[in-house]
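Asks:
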C-alpha cells in the first residue's frame, strides 16, 4: 500500500515564526500536493509538484512556499506564520499519467498559530 | 475552470436508511471522478472512482455512476451503518497528466448515522 507520511499530527507555532511541514511518500510518485482544509471550504490546493525541483502554484499560494529536492519529499513552508494560517494541512501524492490515477493522502497536520 | 458542487450538509440518518449524496461537476474534456471519505481524525481515503461515462464505481456498499449527460456523480448506499459517519468529498481530475494532475474538490458533506 502507498504510504504518505506527514511529520507531525499536531503543531503549535507563534505568529511570525517560519514553519516547515514535511511530507514523505514511499511509492516513487512523480506528483505531490499540499492542501489546506477548512470547515465549509473543503480542500484548497496550495502548491503542487510534478517532478523534483518543479513546483506550481495552486489556488491559494499566498504566504506559502514549497521545496522538492528529492522525489519522495515535499515540504510546505510558511515564511512568516499568521493566525489565518491555522488549519488542517493535507499532503497527497499520485503517479504520473492519465486522469484515472487517484491521489493518496497523509493523515494531516493540524497547525495552530498563536 | 473545473468545479465540483456538492449538496449542502450536514446529513443525519438512522442506521439502515438509504443514502444519496448529490455531486455535479463542470469540466472540459473527459475528467475522472472520485469520491473520497475522511473518517474522524484521519486523512482522506479513496472510496470509489469512475473514469468514463456510464462507469459505475463501487466499494463498501457505496455506488456512484458517471453521468455525462447530467454531469453528475451521485453517491448512494442502500443501508448505512454507524461506521459510515464521516465527511464525504466528491472530486474530479482532468484527463491529462502533468500540471493537470491536480484534483478539484467539492466542499465536502458531513454524514452522521444514528444507531
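Residue numbers (our numbering), protein chains in the order written: chain A, 1 to 114; chain B, 1001 to 1115.
C-beta atoms are modelled at their ideal positions from N, C-alpha and C, and glycine is treated no differently.
Please read all numbers here as calculations on a predicted model, not as lab measurements.
Decide if the segment 1007-1016 of chain B is in contact with the segment 54-67 of chain A; the criterion is three or more beta carbon pairs, one per stretch, under 8 Å apart.
Replies: Touching, no, given that fewer than three Cβ pairs across the two stretches are closer than 8 Å.
Asks: If I measure Cβ to Cβ from residue 13 of chain A and keep anything under 6 Å in the same chain, skipping five residues before and after, which residues do I get?
Replies: The residue given as residue 13 of chain A occupies position 13 in the first chain. Closer than 6 Å at the Cβ level, and outside the excluded window around residue 13 of chain A, lie 19, 81, 113.
Asks: With DSSP collapsed to three states, give me the class of residue 1112 of chain B.
Replies: The residue you call residue 1112 of chain B lines up with position 112 of the second chain. In the structure shown, residue 1112 of chain B sits in a strand (DSSP, three-state: E or B).
Asks: Might you give, ordered along the chain, the residues of its own chain that have their beta carbon closer than 7 Å to the beta carbon of residue 1015 of chain B, omitting 5 neighbours on each side?
Replies: Looking up residue 1015 of chain B in the second chain gives position 15. For residue 1015 of chain B, where only same-chain residues beyond five positions count, the Cβ hits under 7 Å are 1080, 1081, 1082, 1113, 1114, 1115.
Asks: Can you tell which of A/102, A/22, A/94, A/44 has its C-alpha closest to the C-alpha of residue 28 of chain A?
Replies: As a position in the first chain, residue 28 of chain A is number 28, starting the count at 1. Residue 28 of chain A has its Cα closest to that of A/94, out of A/102, A/22, A/94, A/44.
Asks: Out of curiosity, what's the CA-to-CA distance linking residue 105 of chain A and residue 78 of chain A?
Replies: Against the first chain, residue 105 of chain A aligns to sequence position 105. Against the first chain, residue 78 of chain A aligns to sequence position 78. Approximately 20 Å between the Cα atoms of the pair.
Asks: Under 7 Å Cβ to Cβ from residue 1004 of chain B, same chain only, skipping five residues before and after it: list those, please.
Replies: Here residue 1004 of chain B refers to the residue found at position 4 when the second chain is read from its first residue. Within the same chain, residue 1004 of chain B has close Cβ partners 1023, 1025, 1090, 1091, 1092, 1104, 1105, 1106.
Asks: Between the beta-carbon of residue 1075 of chain B and the beta-carbon of residue 1066 of chain B, is there less than 9 Å?
Replies: Taking the second chain and counting its residues from 1, one reaches residue 1075 of chain B at position 75. Taking the second chain and counting its residues from 1, one reaches residue 1066 of chain B at position 66. No.
Asks: Opposite residue 77 of chain A in the DSSP bridges: which residues?
Replies: The residue given as residue 77 of chain A occupies position 77 in the first chain. DSSP output for residue 77 of chain A lists A/20, A/65 as bridge partner(s).
Asks: Tell me, which residues are paired with residue 949 of chain B by DSSP?
Replies: There is no way to answer for residue 949 of chain B, as the model of chain B reaches only from 1001 to 1115.
Asks: Interface residues of chain B around residue 103 of chain A at Cβ under 9 Å?
Replies: To locate residue 103 of chain A, count along the first chain from 1; it is residue 103. Per Cβ cutoff of 9 Å: 1034, 1036, 1044, 1046, 1091, 1093, 1101, 1102, 1103.
Asks: Going by beta carbon distance, what residues of the same chain come within less than 7 Å of residue 51 of chain A, once the five residues before and after it are set aside?
Replies: The residue labelled residue 51 of chain A in the question sits at position 51 within the first chain. The residues are 30.
Asks: So the candidates are A/103, A/49, A/56; which of them puts its Cα closest to the Cα of residue 92 of chain A?
Replies: The residue given as residue 92 of chain A occupies position 92 in the first chain. Comparing Cα-Cα distances from residue 92 of chain A to each of A/103, A/49, A/56, the minimum goes to A/103.
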